[in-house]
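Q: Taking the numbering used here, I'd label the letters of the sequence shown as residues 22 to 71.
Below are the structure tokens for one structure; questions will follow.
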Amino acid sequence: NPKREQPVTVLTLKGWEPGENQPPPKPITLVDFWQYAERISREGPTVVLC
22 NPKREQPVTV LTLKGWEPGE NQPPPKPITL VDFWQYAERI SREGPTVVLC
């Protein structure tokens, strides 16, 4: 398969402390993030980092 370039959108949800046993963000934060992400136009895959 030939290599091809493709745009990738990377979204990062900040404010979530790393490590085990850390509470996730409040549900409203995740919903707001999802709604914001849906408004971003993109032409390729999206990577979400939390």
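All C-beta atoms, glycine included, are put in the ideal place defined by N, C-alpha and C.
#1: Expressed to the nearest angstrom, what Euclidean distance is found between the alpha-carbon atoms of residue 2 and residue 60?
#2: Tell me whether residue 51 sits in a helix, a strand or coil according to DSSP, three-state version.
#3: Taking the straight line between their C-alpha atoms, what separation do you get for residue 33 and residue 46?
#4: Taking Cβ to Cβ, would you say residue 68 is nearer than 9 Å to residue 58?
A: Walking through what the data contain:
#1: In the structure as shown, the chain begins at 22 and stops at 71. Residue 2 is therefore absent and cannot be evaluated.
#2: Residue 51 falls in the helix class under three-state DSSP.
#3: So the alpha carbons of these two residues sit roughly 13 Å apart.
#4: Not in contact: residue 68 and residue 58 (Cβ atoms no closer than 9 Å).
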